[in-house]
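Before any comments, here is the structure.
Number of protein chains: 2
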Amino acid sequence: MGDDCALLRLSAGHEALLTTDFTLENIHFRREWHPAKAVGHRCLARGLSDIAAMGGEPLAAFLSLALPAETPQRWVDEFLRGFLGLARKFGIRLAGGDTAECAGGVAADVVVMGQAPAGTAIRRRGARPGDSIYVTGWLGGAAAALYQLRERGRVEPASAARAYFYPQPRVAVGAWLRRRGLASAMIDLSDGLSTDLAHIGEESGVGAVVSESSIPRASSSPAGTSTLHFALHGGEDYELLFTARRGQPVPRSVAGVRVTRIGEILREKKVWLMDSHGQRKALLPRGWEHFSIG
Amino acid sequence: MGDDCALLRLSAGHEALLTTDFTLENIHFRREWHPAKAVGHRCLARGLSDIAAMGGEPLAAFLSLALPAETPQRWVDEFLRGFLGLARKFGIRLAGGDTAECAGGVAADVVVMGQAPAGTAIRRRGARPGDSIYVTGWLGGAAAALYQLRERGRVEPASAARAYFYPQPRVAVGAWLRRRGLASAMIDLSDGLSTDLAHIGEESGVGAVVSESSIPRASSSPAGTSTLHFALHGGEDYELLFTARRGQPVPRSVAGVRVTRIGEILREKKVWLMDSHGQRKALLPRGWEHFSIG
Numbered sequence: 000m001g002d003d004c005a006l007l008r009l010s011a012g013h014e015a016l017l018t019t020d021f022t023l024e025n026i027h028f029r030r031e032w033h034p035a036k037a038v039g040h041r042c043l044a045r046g047l048s049d050i051a052a053m054g055g056e057p058l059a060a061f062l063s064l065a066l067p068a069e070t071p072q073r074w075v076d077e078f079l080r081g082f083l084g085l086a087r088k089f090g091i092r093l094a095g096g097d098t099a100e101c102a103g104g105v106a107a108d109v110v111v112m113g114q115a116p117a118g119t120a121i122r123r124r125g126a127r128p129g130d131s132i133y134v135t136g137w138l139g140g141a142a143a144a145l146y147q148l149r150e151r152g153r154v155e156p157a158s159a160a161r162a163y164f165y166p167q168p169r170v171a172v173g174a175w176l177r178r179r180g181l182a183s184a185m186i187d188l189s190d191g192l193s194t195d196l197a198h199i200g201e202e203s204g205v206g207a208v209v210s211e212s213s214i215p216r217a218s219s220s221p222a223g224t225s226t227l228h229f230a231l232h233g234g235e236d237y238e239l240l241f242t243a244r245r246g247q248p249v250p251r252s253v254a255g256v257r258v259t260r261i262g263e264i265l266r267e268k269k270v271w272l273m274d275s276h277g278q279r280k281a282l283l284p285r286g287w288e289h290f291s292i293g
Numbered sequence: 000m001g002d003d004c005a006l007l008r009l010s011a012g013h014e015a016l017l018t019t020d021f022t023l024e025n026i027h028f029r030r031e032w033h034p035a036k037a038v039g040h041r042c043l044a045r046g047l048s049d050i051a052a053m054g055g056e057p058l059a060a061f062l063s064l065a066l067p068a069e070t071p072q073r074w075v076d077e078f079l080r081g082f083l084g085l086a087r088k089f090g091i092r093l094a095g096g097d098t099a100e101c102a103g104g105v106a107a108d109v110v111v112m113g114q115a116p117a118g119t120a121i122r123r124r125g126a127r128p129g130d131s132i133y134v135t136g137w138l139g140g141a142a143a144a145l146y147q148l149r150e151r152g153r154v155e156p157a158s159a160a161r162a163y164f165y166p167q168p169r170v171a172v173g174a175w176l177r178r179r180g181l182a183s184a185m186i187d188l189s190d191g192l193s194t195d196l197a198h199i200g201e202e203s204g205v206g207a208v209v210s211e212s213s214i215p216r217a218s219s220s221p222a223g224t225s226t227l228h229f230a231l232h233g234g235e236d237y238e239l240l241f242t243a244r245r246g247q248p249v250p251r252s253v254a255g256v257r258v259t260r261i262g263e264i265l266r267e268k269k270v271w272l273m274d275s276h277g278q279r280k281a282l283l284p285r286g287w288e289h290f291s292i293g
C-alpha cells in the first residue's frame with residue numbers, strides 16, 4: 000500500500016495466476032445465517048480454491064469492500080478476522096484493495112494472485128478419453144449445511160458447521176498434483192459436481208461417466224434429504240475435481256486429503272451417471288442455481 | 000477465461016503492478032448525469048491511471064460488475080462499449096471478472112494488471128528536498144464539470160464534457176519518465192492536487208511549496224467559480240504529479256502532453272501555496288471529500 004499500485008515480484012520463470020470473486024450479501028451469504036468471520040473466511044477461500052485448481056502457489060490478496068453505512072464495526076472486525084486469519088494460514092499478504100459505501104448490502108470483491116512455473120498450470124482443457132476422474136474429500140456437505148440453514152437457521156453437528164463456514168482450500172493438493180505432472184485437467188468444486196464436470200467436458204471437448212456408488216458423500220445429511228443429490232449438485236464444497244491418464248498411479252490420499260476415483264472420461268460429449276446395476280442416465284448440470292441462497 | 004484463474008505471463012525481469020478500484024453508483028457516478036459509456040470508460044481509466052503513475056505498462060483488466068435486476072440491457076451494452084473501447088486503445092485484454100446482482104445500484108470493481116522492469120517502478124516515496132514538482136496537462140477541469148452537472152445537469156462546452164467523461168490516462172507519459180529515470184516520485188491526480196501532493200509528502204517524509212501562478216488551470220470554469228480552487232482541490236483529472244531532481248532537464252511536453260513545473264520539495268514537512276507577492280499560506284489537503292457526488 001502507499002503507492003498507486005501494489006508491486007509483486009514473481010519467481011523467475013513463473014506465470015501469474017489471477018482470480019476475482021464477488022461475494023454479495025443475500026446472494027452468497029445472509030447476515031442472519033453466516034457469522035461475519037465465516038463470510039470473511041469464505042470470500043478469500045473462493046479465490047484460494049481457484050488458485051488451488053490450477054496447481055498454483057498463492058502470493059497476495061486484494062480486498063475491495065463496500066458496506067452499508069449502518070454496518071456495525073464489530074461485524075467488519077470479525078469479517079477481517081476471518082479473512083486475515085485464512086490469509087495468514089496460507090502465508091499470503093493483503094496487498095491492497097479499496098473500501099466504499101454501498102446501500103444495497105455488503106459487497107466484497109476479492110482478488111487472489113498466485114504463480115506457477117510457466118507452462119505448468121493445470122487447465123480445464125487437458126482431459127482425454129480414457130482418463131480417470133478423481134475428487135478430493137467428501138461432497139455435498141456444504142449443500143446439506145445450506146439446507147439446514149434454510150430450514151432451521153443453524154447447522155449440526157458442529158463438525159459440519161465448521162466444514163461449511165470455514166472451508167479449507169486444497170492448495171497443497173493442487174500444488175502436489177502440478178509438481179508431479181499427474182493431473183491432465185482440474186477445476187474446483189464451487190458450483191457442484193454436475194456443473195463443474197460439465198465445464199471440464201466443454202473445455203476439453205469430451206464427455207464422462209461417473210459411477211454413483213463411488214462418489215464420496217459427506218455423512219451428515221438431514222433426515223428426508225438425499226446425500227447423493229447434494230453430492231451431485233450441491234456447490235461450495237471447494238474440493239478439487241481432476242483427471243489423470245489411465246494407468247497413472249494416483250495415491251488414495253494427498254497432503255492428508257482423501258482422493259477418490261469416481262469415473263472416466265469418454266469421447267462422446269455427454270455426461271452419464273451409472274448406478275450399481277450398470278444402468279446409465281444423463282447427468283445434467285444442476286449446480287449452484289439450484290442451491291443458491293437468494 | 001474458461002479456467003479457474005487467468006494466466007498472465009510477464010516479460011523476463013519484470014515485476015507485476017496491480018491496482019483495484021471500486022466504482023459505485025451515487026458515489027462515483029449518477030445514472031442521470033453520466034452516460035453509461037462514460038461510466039465504463041472512467042472505471043477502467045482509474046486503474047490505467049494508477050498503472051501510469053508508477054510508469055507501468057498495462058497488460059490486462061478484470062471487471063467484476065454487480066447490477067440491479069432492473070438495469071436496462073442497453074445501459075450494460077453502453078457501459079461495456081466504453082470499457083472495452085478504452086481497453087482496446089491501450090492494447091490490453093479483458094482477462095476475467097465476475098457478474099452478480101446487487102439491489103443497491105451498479106457496483107463495478109476493476110482490476111488492472113501491468114508490469115515494469117524490476118526495481119524501476121516509480122514510487123511515491125522518492126521525493127527529496129530541492130526536487131522540482133511537475134504536473135501534466137491542465138487541472139480542475141473535472142471539478143468544474145462536476146460543478147456544472149450538479150448545478151445544471153450538463154457540461155459545456157463539448158470539449159470540457161469530453162475531457163471529463165472520457166479522461167485519457169497518461170500511460171505514455173508515465174512510461175517515458177520511467178524509461179528516462181527522470182521522476183524521483185509520482186502519483187496520479189485522482190483525489191486533487193492538495194491531497195495527492197500531501198500523499199507524496201507523507202510517503203517521502205518531505206514538504207513542498209507550490210507557486211499559485213504556475214498551476215496550469217483548465218480554462219472552462221463556470222461563472223462565479225474559482226479555477227484556482229478547482230485546480231487545487233478538485234479530483235478526477237487523472238493527470239500525473241511527479242518530482243525530479245533539481246537541475247534535471249524536463250521537457251515542456253512529453254508524448255504530446257504539456258508538463259509544467261509548479262513548485263519545489265522542502266525539507267520541512269508542510270505544504271505551502273505561494274502567491275504572486277511571495278506570500279505563503281498553508282495548503283491543506285481538501286480533495287475528493289470536498290467534491291464528491293454523494
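Protein chains in written order, with numbering that gives the first Met the number 0: chain A, 0 to 293; chain B, 0 to 293. Glycine included, C-beta positions come from ideal geometry on N, C-alpha and C. Source: prediction; values computed, not measured.
Using only alpha-carbon positions, find the residue among the options that is nearest to residue i.
i, options, result
"V256 of chain B", "B:L47, B:K280 and B:V134", "B:V134"
"E250 of chain B", "B:H228, B:A182 and B:G96", "As written in the sequence, residue 250 of chain B is Pro, which differs from the Glu given in the question. Considering only alpha carbons, the answer is B:A182."
"G262 of chain B", "B:S275, B:R8, B:R30 and B:S213", "B:S213"
"D2 of chain A", "B:E24, B:L176 and B:E201", "B:E201"
"L176 of chain B", "B:A120, B:R45, B:G223 and B:T226", "B:A120"
"G140 of chain B", "B:H232, B:P57 and B:R73", "B:H232"
"A68 of chain A", "A:R161, A:V110, A:L196 and A:T98", "A:T98"
"Q114 of chain A", "A:A60, A:E56 and A:L227", "A:E56"
"R30 of chain A", "A:I50, A:L138, A:R124 and A:L148", "A:L148"
"A103 of chain A", "A:S193, A:E24, A:A174 and A:L7", "Correcting the residue type first, residue 103 of chain A is Gly in the shown sequence and not Ala. Minimum Cα distance to G103 of chain A is reached at A:E24."
"T224 of chain A", "A:G12, A:V208 and A:Y146", "A:Y146"
"A117 of chain A", "A:A86, A:D274, A:V154 and A:L16", "A:L16"
"R92 of chain A", "A:A144, A:R8, A:I132 and A:G136", "A:R8"
"A254 of chain B", "B:A144, B:A51 and B:R41", "B:A51"
"R87 of chain A", "A:W74, A:C101, A:G54 and A:L47", "A:L47"
Would you tell me roughly how many angstroms separate the C-alpha atoms of residue i and residue j, rounded to the nearest one?
i, j, result
"S189 of chain B", "E238 of chain B", "8 Å"
"F78 of chain A", "A142 of chain A", "22 Å"
"E267 of chain B", "R169 of chain B", "30 Å"
"Q72 of chain A", "T18 of chain B", "26 Å"
"P128 of chain B", "R279 of chain B", "18 Å"
"F229 of chain B", "R245 of chain B", "28 Å"
"A222 of chain A", "E211 of chain A", "20 Å"
"A197 of chain B", "V205 of chain B", "9 Å"
"L272 of chain A", "L227 of chain A", "11 Å"
"A243 of chain B", "T22 of chain A", "43 Å"
"A158 of chain A", "L265 of chain A", "The question names Ala, but residue 158 of chain A is Ser in the sequence shown. S158 of chain A and L265 of chain A: Cα-Cα distance of roughly 37 Å."
"S203 of chain B", "R123 of chain B", "7 Å"
"G95 of chain A", "A281 of chain A", "45 Å"
"G39 of chain A", "L138 of chain B", "40 Å"
"R285 of chain B", "C4 of chain B", "40 Å"
"A65 of chain A", "I26 of chain B", "11 Å"
"Y301 of chain A", "F241 of chain A", "Nothing in the structure corresponds to residue 301 of chain A, since chain A is present only between 0 and 293."
"P34 of chain B", "K269 of chain A", "45 Å"
"R260 of chain A", "A217 of chain A", "16 Å"
"S63 of chain A", "G277 of chain B", "44 Å"
"D76 of chain B", "D108 of chain B", "17 Å"
"M185 of chain A", "S220 of chain B", "57 Å"
"P156 of chain B", "A37 of chain B", "17 Å"
"F82 of chain B", "L43 of chain B", "6 Å"
"G298 of chain B", "A11 of chain A", "For chain B, the structure presents residues 0 to 293; residue 298 of chain B sits outside this window and is missing."
"A162 of chain A", "I292 of chain A", "18 Å"
"L58 of chain B", "R178 of chain B", "17 Å"
"A126 of chain A", "I132 of chain A", "9 Å"
Would you please state the rounded distance, in angstroms, between the beta carbons of residue i and residue j? I believe it to be under 8 Å.
i, j, result
"A60 of chain B", "V105 of chain B", "About 17 Å separates the two Cβ atoms, so there is no contact after all."
"D187 of chain A", "D49 of chain A", "6 Å"
Within the stretch 11 to 98 of chain A, note down every full alpha helix (DSSP H) run reaching 4 residues or more, in order along the chain.
-> If we require 4 residues or more, the alpha helix (DSSP H) runs fully inside the stretch 11 to 98 of chain A come out as 35 to 51 and 72 to 88.
Uninterrupted alpha helix (DSSP H) stretches inside the stretch 196 to 257 of chain A (no shorter than 4 residues) | Listed in chain order, the complete alpha helix (DSSP H) runs (minimum 4 residues) inside the stretch 196 to 257 of chain A are 226 to 232.
Quick one: which unbroken beta strand (DSSP E) runs of 3-plus residues sit fully inside the stretch 161 to 202 of chain B? Chain order, please.
-> Entirely contained in the stretch 161 to 202 of chain B, the beta strand (DSSP E) runs reaching 3 residues are, in chain order, 184 to 187.
Selection of the stretch 17 to 35 of chain B by Cβ proximity to chain A, strictly under 7 Å | Closer than 7 Å at the C-beta level to chain A, one finds these residues of the stretch 17 to 35 of chain B: L17, T18, T19, D20, F21, L23 and I26.
Taking any Cβ of chain B, which residues in the stretch 181 to 205 of chain A have a Cβ under 7 Å from it, in chain order?
-> Close to chain B, meaning a Cβ-Cβ distance shorter than 7 Å, are the following residues of the stretch 181 to 205 of chain A: I186, D187 and E202.
Any residues in the stretch 243 to 254 of chain A with a beta carbon nearer than 7 Å to a beta carbon of chain B? Which ones, in chain order?
-> Residues: none.
Identify each residue in the stretch 71 to 98 of chain A for which the Cβ-Cβ distance to at least one residue of chain B is less than 9 Å, and report them in chain order.
-> The residues in question are A94, G95, G96, D97 and T98.
3-residue-minimum beta strand (DSSP E) runs that sit fully inside the stretch 94 to 150 of chain B, ordered along the chain = The qualifying runs are 106 to 116 and 131 to 135.
With 8 Å as the C-beta to C-beta threshold (strictly closer), list the residues of the stretch 131 to 163 of chain B near chain A in chain order.
-> Within the stretch 131 to 163 of chain B, no residue has a Cβ that lies closer than 8 Å to any Cβ of chain A.
The stretch 35 to 52 of chain B: positions lying closer than 7 Å to chain A by Cβ = Of all residues in the stretch 35 to 52 of chain B, only D49, I50 and A52 come within less than 7 Å of chain A when Cβ atoms are compared, listed by chain position.
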